[in-house]
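*Asks:* Residue numbers for the sequence shown follow UniProt numbering, so the first one is 1 and each next one is one higher.
Virtual Cβ for every residue (Gly too), placed ideally from N, Cα, C.
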Amino acid sequence: MDKRKVIAAYRRGFISIQECAQIIGVDSGQMTRLVNDPLLMKDGMPLLDKKTVNS
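1) Measuring alpha carbon to alpha carbon, tell me which of 14, 7, 13 ends up nearest residue 21.
2) Tell me the residue span of the alpha helix (DSSP H) that contains residue 1.
3) Relative to the C-alpha of residue 1, which residue among 18, 23, 31 is closest?
4) May I have the straight-line CA-CA distance separating residue 25 from residue 36, to the nearest angstrom?
5) So, with DSSP's three-state summary, where would you put residue 33?
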């Protein structure tokens, strides 16, 4: 499952932080960093659309 979708489900209140960490397979410290990642938005989409070398 896509980590962004799991984090979005947590932010919407569908699952707890513990369930989110278990689904993703990380500990609570890592989960806190993932949830606070500035590159992720509420809707599970990347905040910045970065251009790659090939695009």
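*Replies:* Concretely, from the data shown:
1) The candidate whose alpha carbon is nearest that of residue 21 is 7.
2) For residue 1, there is no enclosing alpha helix (DSSP H), as DSSP marks it with neither H nor E.
3) Distances from the alpha-carbon of residue 1 to those of 18, 23, 31 put 23 closest.
4) Going by the C-alpha atoms only, they are around 17 Å apart.
5) Reduced to three states, the DSSP call for residue 33 is helix.
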